[in-house]
Amino acid sequence: MQKNYYAIIPANVRYDEELPTGARLLYGELTALSNEKGYCWATNSYFSNLYKVTTVTISNWIAKLEDRGYIERKIIYKEESKEIKERRIYITPIKNNFNTPQRNFGEGIKENFNT
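Heads up, the sequence shown is in my numbering, so the first residue is 4 and it goes up one at a time.
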């Protein structure tokens with residue numbers, strides 16, 4: 004059975020002018036690959052081949068996503084060694100939009116019925 008991945012790119016990432024366009028698309032790929040285990044395990048080489056850019060470009064995009072607070076990286080080292088076993092990339096929770104008006108769930112909309 005082939006896995007069915009989908010990408011999610013929230014508005015705060017899509018419209019972040021501090022991010023290169025490729026980093027925005029990479030974020031979507033990270034969300035898709037995080038669906039299975041809760042984190043993305045793919046290497047920079049994998050993304051480099053996928054997007055036809057250098058691994059340095061991928062590294063820069065990931066660093067920018069991390070700097071902007073959209074992802075967190077965790078490095079897992081081999082036991083009693085400084086050798087990297089794997090890298091995990093986690094999607095950070097989306098911050099609430101504080102500009103959105105709060106809904107009133109306690110009462111209905113008050114209307115003038117005397118018209």
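Built from N, CA and C at the ideal position, the CB exists for glycine as well.
In three-state terms, what does DSSP make of residue i?
{"i": "I92", "result": "strand"}
Could you tell me if residue i is buried or exposed, where buried requires 16 or more neighbouring beta carbons within 10 angstroms of its beta carbon?
{"i": "I65", "result": "buried"}
{"i": "Y73", "result": "buried"}
{"i": "L22", "result": "buried"}
{"i": "Y30", "result": "buried"}
{"i": "V59", "result": "exposed"}
{"i": "A14", "result": "exposed"}
{"i": "L36", "result": "buried"}
Give the DSSP bridge partners of residue i, in chain order.
{"i": "I11", "result": "Answer by DSSP bridge pairing: none, since I11 is not bridged."}
{"i": "I97", "result": "Paired residues: none, contrary to the question."}
In the DSSP assignment, find the unbroken alpha helix (DSSP H) run with residue i in it and report its ends.
{"i": "E69", "result": "T58 to D70"}
{"i": "L28", "result": "T24 to S37"}
{"i": "Y49", "result": "N47 to Y54"}
Quick check on the DSSP output: the beta strand (DSSP E) that includes residue i runs from which residue to which?
{"i": "E75", "result": "I74 to Y80"}
Please identify the residue among the options whose C-alpha is closest to the C-alpha of residue i.
{"i": "E39", "options": "I92, I97 and T57", "result": "I92"}
{"i": "T34", "options": "K55, G25, I12 and E69", "result": "I12"}
{"i": "K79", "options": "Y54, Y9, K67 and W44", "result": "Per the sequence presented here, residue 79 reads as Ile, with Lys not at that position. It is W44."}
{"i": "L28", "options": "T57, Y42, I97 and I61", "result": "I61"}
{"i": "I94", "options": "V56, K85 and E69", "result": "E69"}
{"i": "S51", "options": "G41, E82 and A26", "result": "A26"}
{"i": "I87", "options": "P96, R76 and I97", "result": "R76"}
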